[in-house]
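**Student:** For what it's worth, this note's numbering labels the leading residue of the sequence shown as 13, then goes sequentially. In this text, a Cβ means the ideal position worked out from N, Cα and C, and glycines have one as well. What you are looking at is a predicted structure, and each value in this text was computed from that prediction instead of being measured. Pasting a structure below so you can have a look.
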Amino acid sequence: MTVAPDGSVIAGSASSPFVYRVKKGATTAERFVDASAEGPGTFFFGQLADGAAGTLWTCQLTPTPGSTPVKRHTSLRGFDLKTGKEKLRWDLPGDNSTCNDFAVGPDKALYITDTANAKLYRLAPGATQAELFLDNRLLNGVDGITFLNGVLYVNNVSFNKLYRIPVDAAGKPGAPVDIWMDAPVKGPDGMRAAGGKLFVAENGGGRVDALTVTGDTAHVTVLKDGLKTPTGVEPAGDTLWISERGAGKVWSIPMPK
């Protein structure tokens, strides 16, 4: 889920081949992207409105026919943020991948998580093909990704972890640094940064949290609990949007002070 500069809320479906848009002030969603021609079982994960580039970034997942257990070919897709017209498509390497989420860095590049293969990719500004940025076993299960004060953070949905990814002056990443959280989280999923904090959706814990990071530790503040598989959060001005996959809805709360 993401919020465009015009206030539209955009959400991908994890059970159908569509991305939906709710225009500012509207209460019903319209189809914005239709990928039904991609094959049966196609669905979407992460969404990111890149206002500077005028692009909606999204992860598309399509099952490989006849594969047992199911394998998926996944693609990073970019669409015009106003019209929905396709601008870019990049297929992740390998026979089974999970393009999951992404974030725009201070260098204007797009950083992409591959949950199934413990990898991060980087799409340079203006490029049409992403390159491998980091391959590390600690990233097996990597999901949410964001930059807080110019520093790259990722979470791990499988092992309930939060990591900082150090990047040197030449842009080369180092090994993930474990950030100790002072309360347990379960299934950290979508993650965004605003106001000096990380906001995280716990798909297994049914909560949305704010994380205050100090060095290699993070204080966990529960903002909302009792949710049905929340998978995304999006700070937008004085509002924090939440996507609740288990309830099939997107809604908001006031941004915590």
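Excluding the five sequence neighbours on either side, which residues of its own chain have a C-beta within less than 6 Å of the C-beta of A206, listed in chain order?
**Tutor:** Here residue 206 corresponds to residue number 194 of the sequence shown, with the count starting at 1. Answer for A206: P247, listed in chain order.
**Student:** Helix, strand or coil for S255? Go by DSSP, reduced to three states.
**Tutor:** Against the sequence shown, residue 255 aligns to sequence position 243. Here S255 sits in strand by DSSP.
**Student:** How big is the Cα-Cα spacing for L210 and L100?
**Tutor:** What you label residue 210 is simply residue 198 of the sequence shown in a count that begins at 1. What you label residue 100 is simply residue 88 of the sequence shown in a count that begins at 1. Their backbone Cα atoms lie some 29 Å apart in a straight line.
**Student:** Comparing alpha-carbon positions, which option in L135, W192, L73, R219 lies nearest P29?
**Tutor:** Within the sequence shown, residue 29 is the residue found at index 17, counting from 1. Nearest option by C-alpha distance: L73.
**Student:** Express the C-alpha separation of R204 and P188 in angstroms, rounding to a whole number.
**Tutor:** The count along the sequence shown starts at 1 and reaches residue 188 at position 176. The count along the sequence shown starts at 1 and reaches residue 204 at position 192. Cα to Cα, the separation comes out at about 18 Å.
**Student:** Relative to the C-alpha of V259, which candidate in T125, T243, K269 has its C-alpha closest?
**Tutor:** For the purposes of this step, residue 259 is identified with residue 247 of the sequence shown, where counting begins at 1. Contrary to the premise, residue 259 reads as Ala rather than Val in this sequence. Closest option to A259, Cα to Cα, is T243.
**Student:** Could you have a look at L151 and say whether DSSP puts it in helix, strand or coil?
**Tutor:** Here residue 151 refers to the residue found at position 139 of the sequence shown. Note: L151 maps to helix in three-state DSSP.
**Student:** Tell me the rounded alpha-carbon separation between A23 and V234.
**Tutor:** The residue you call residue 23 lines up with position 11 of the sequence shown. The residue you call residue 234 lines up with position 222 of the sequence shown. The straight-line gap from Cα to Cα measures roughly 23 Å.
**Student:** Which residue's Cα is closest to the Cα of P262: P200, K240, T127?
**Tutor:** Numbered from 1 along the sequence shown, position 250 holds the residue referred to as residue 262. It is worth fixing the name first, because residue 262 is Val in this sequence and not Pro. Out of P200, K240, T127, K240 has the C-alpha closest to the C-alpha of V262.
**Student:** Give the secondary structure of S264 by DSSP, where H, G and I count as helix, E and B as strand, and everything else as coil.
**Tutor:** Along the sequence shown, one-based indexing puts residue 264 at 252. The answer is strand: DSSP assigns S264 an E or B state.
**Student:** So what does DSSP say about A136, is it helix, strand or coil?
**Tutor:** Taking the first residue of the sequence shown as 1, we reach residue 136 at position 124. Of the three classes helix, strand and coil, the one that applies to A136 here is coil, per DSSP.
**Student:** Within a Cβ cutoff of 7 Å, which residues of the same chain sit near L150, ignoring the five residues on either side of it in sequence?
**Tutor:** Indexing the sequence shown from 1 puts residue 150 at position 138. The residues are Y175, P188.
**Student:** CA-CA distance, S48 and G117?
**Tutor:** As a working mapping, residue 48 is identified with position 36 in the sequence shown. As a working mapping, residue 117 is identified with position 105 in the sequence shown. About 31 Å.
**Student:** Looking at G186: is its Cβ nearer than 8 Å to the Cβ of V169?
**Tutor:** Position 174 of the sequence shown, counting from 1, holds the residue named residue 186. Position 157 of the sequence shown, counting from 1, holds the residue named residue 169. No, these two residues do not count as a Cβ contact at 8 Å.
**Student:** Helix, strand or coil, according to DSSP, for N112 in the structure here?
**Tutor:** Here residue 112 corresponds to residue number 100 of the sequence shown, with the count starting at 1. Note: N112 maps to strand in three-state DSSP.
**Student:** Excluding five sequence neighbours on each side, which residues of the same chain lie with their C-beta closer than 6 Å to the C-beta of S87?
**Tutor:** Position 75 of the sequence shown, counted from the first residue, corresponds to residue 87. Here the set comprises Q72, R101, D103.
**Student:** Relative to the C-alpha of T199, which residue among N108, T251, N167, D92 is closest?
**Tutor:** The count along the sequence shown starts at 1 and reaches residue 199 at position 187. According to the sequence shown, residue 199 is Gly rather than Thr. Cα-wise, what sits closest to G199 is N167.
**Student:** DSSP puts G24 in a beta bridge; with which residues?
**Tutor:** Locating residue 24 in the sequence shown gives position 12, counting from the first residue. BP columns for G24 point to V31.
**Student:** Considering Cα atoms alone, identify which of P268, I265, S255, K269 is closest to M13.
**Tutor:** In the sequence shown, counting from the first residue as 1, residue 13 sits at position 1. The candidate whose alpha carbon is nearest that of M13 is S255.
**Student:** Taking the beta strand (DSSP E) that F171 belongs to, which residues open and close that run?
**Tutor:** As a working mapping, residue 171 is identified with position 159 in the sequence shown. Premise fails: F171 is in no beta strand (DSSP E) and is neither H nor E.
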